[in-house]
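Chemist: Note that the protein sequences, when read in sequence, are chains A and B.
Numbers in our numbering are just positions in the first sequence, counted from 1, shifted up by 150.
Numbers in our numbering are just positions in the second sequence, counted from 1, shifted up by 4.
Beta carbons: idealized from backbone N, C-alpha and C, even for Gly.
Mind having a look at this structure? Questions to follow.
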Amino acid sequence: DTAVSQTPKYLVTQMGNDKSIKCEQNLGHDTMYWYKQDSKKFLKIMFSYNNKELIINETVPNRFSPKSPDKAHLNLHINSLELGDSAVYFCASSPTSGRGNEQFFGPGTRLTVL
Amino acid sequence: KNEVEQSPQNLTAQEGEFITINCSYSVGISALHWLQQHPGGGIVSLFMLSSGKKKHGRLIATINIQEKHSSLHITASHPRDSAVYICAATGNQFYFGTGTSLTVIP
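The following block contains the structure:
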């Protein structure tokens with residue numbers, strides 16, 4: 151059984167479109183995260199949710215909006231996609247919001263904006 | 005300057021060699037994570053430590069809080085250890101190193 155799953159795995163779209171990436175975890179964790187990994191393989195946190203509430207919102211354009219319908223899901227919606235949004239997006243979860251907790255990562259979604 | 009620096013950036017080793025990857029950080033942290041990213045892209049958490057030393061199989065991670073330094077050691081390296089190893093420091097914020105690309109040659 152997949153602990154943290156993301157869909158889709160690959161997403162190719164045109165500039166200006168709106169797209170969503172879904173994330174689900176079946177670990178019973180309270181905290182979920184979204185990370186962006188750029189072409190240079192540098193990881194950066196974007197958002198963190200604890201029990202459906204936003205607790206971390208790093209400096210990301212407001213075109214990116216996370217949505218957490220319940221604590222097992224954290225979806226990422228991106229409006230007006232730009233070329234620079236092309237990256238791999240990873241979802242992760244951890245038991246609590248303490249930053250000293252082990253995180254479990256999803257397989258990643260490779261977004262390509264043309 | 006990045007808050008988390010890793011060295012070396014790239015490392016090639018012969019199978020069986022002892023490998024050390026270093027991580028230095030300049031911020032206050034609550035924990036230090038070592039992540040492994042396989043060539044296929046998947047990320048696995050190897051260790052999360054806030055003091056001392058942890059060991060899982062052939063992997064050992066140490067941290068020196070006073071010196072703000074952590075090391076990841078791999079004993080008896082194997083080609084399947086080939087991956088990118090990422091150090092991440094978590095405190096008030098999350099800080100990631102740029103990764104160390106390890107290739108173990110049979």
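Pull out every residue of the stretch 201–216 of chain A whose Cβ sits closer than 7 Å to any Cβ of chain B, in chain order.
Modeler: Against chain B - using a Cβ distance shorter than 7 Å - the stretch 201–216 of chain A contributes no residues.
Chemist: Have a look at the DSSP bridge pairing and note the partners of A/ASN200.
Modeler: Answer by DSSP bridge pairing, in chain order: A/THR181, A/GLU203.
Chemist: Along the beta strand (DSSP E) that carries A/SER170, what are the first and last residues, could you check?
Modeler: Residues 169–175.
Chemist: Against chain A, which members of the stretch 43–65 of chain B pass a CB distance test of less than 8 Å?
Modeler: Listed by position, the residues of the stretch 43–65 of chain B near chain A (Cβ gap below 8 Å) are GLY45, GLY46, ILE47, VAL48, SER49, MET52, SER54.
Chemist: Output, in chain order, the set of chain A residues within a Cβ distance shorter than 7 Å of B/GLY103.
Modeler: Those within 7 Å of B/GLY103 in chain A are LYS191.
Chemist: With H, G and I counted as helix, E and B as strand and the rest as coil, what does DSSP make of A/ASP188?
Modeler: Coil, per DSSP.
Chemist: Going along chain B, which residues have a C-beta under 8 Å from A/GLU252?
Modeler: Within 8 Å Cβ-Cβ: HIS37, SER49, MET52.
Chemist: In chain A, what lies closer than 8 Å to B/ILE69 by C-beta?
Modeler: Near B/ILE69 there are no residues of chain A at all, since even the closest Cβ is about 13 Å away, more than 8 Å.
Chemist: Name, in chain order, the residues that DSSP records as bridge partners for A/ASP220.
Modeler: Partner(s): A/HIS223.
Chemist: Would you call the stretch 240–247 of chain A and the stretch 72–87 of chain B in contact, with 3 or more CB pairs under 8 Å?
Modeler: Taking 8 Å as the limit for Cβ pairs, the verdict is that the stretch 72–87 of chain B does not touch the stretch 240–247 of chain A.
Chemist: Note down, in chain order, all residues in the stretch 11–28 of chain B with a beta-carbon under 7 Å from any beta-carbon belonging to chain A.
Modeler: Within the stretch 11–28 of chain B, no residue has a Cβ that lies closer than 7 Å to any Cβ of chain A.
Chemist: Can you grab the Cα-Cα spacing for the pair B/MET52 / B/ASP85, in whole Å?
Modeler: The straight-line gap from Cα to Cα measures roughly 19 Å.
Chemist: Tell me the start and end of each unbroken beta strand (DSSP E) in the stretch 21–62 of chain B that is at least 3 residues and wholly inside, in chain order.
Modeler: As far as the stretch 21–62 of chain B is concerned, its whole beta strand (DSSP E) runs of at least 3 residues are 23–29, 33–41, 47–53, 56–60.
Chemist: I want to verify the contact list: residues of chain B whose CB lies under 7 Å from the CB of A/ILE195, in sequence order.
Modeler: Neighbours of A/ILE195 on chain B, chain order: PHE98.
Chemist: Report the neighbours of A/PRO257 on chain B: residues whose CB is nearer than 8 Å to its CB, in chain order.
Modeler: In chain order: GLY45, GLY46.
Chemist: Which residues bound the beta strand (DSSP E) around B/GLN18?
Modeler: Run containing B/GLN18: 14–18, per the beta strand (DSSP E) assignment.
Chemist: On a CA-only basis, which of B/LEU39, B/GLY61, B/GLU9 is nearest A/GLN253? Give me that one, please.
Modeler: The option with the nearest alpha carbon to A/GLN253 is B/LEU39.
Chemist: Would you kindly report the start and end of the unbroken beta strand (DSSP E) that includes B/ILE69?
Modeler: Here B/ILE69 belongs to no beta strand (DSSP E), and DSSP marks it neither H nor E.
Chemist: Considering just the uninterrupted stretch of the beta strand (DSSP E) at B/GLU9, what are its terminal residues?
Modeler: Taken as a continuous stretch (DSSP letters only), the beta strand (DSSP E) holding B/GLU9 covers 8–11.
Chemist: If we call anything under 8 Å between Cβ atoms a contact, is A/LEU233 one with A/MET165?
Modeler: For A/LEU233 and A/MET165, yes; Cβs fall inside 8 Å.
Chemist: Using the Cβ count rule (16 or more neighbours within 10 Å means buried), how would you classify A/TYR160?
Modeler: By the neighbour-count rule (16 or more Cβ atoms within 10 Å), A/TYR160 is not buried but exposed.
Chemist: Going by C-alpha to C-alpha distance, which of B/LEU15, B/SER55, B/GLU9 sits closest to B/TYR88?
Modeler: Sequence check: residue 88 of chain B is Val here, not Tyr. Comparing Cα-Cα distances from B/VAL88 to each of B/LEU15, B/SER55, B/GLU9, the minimum goes to B/LEU15.
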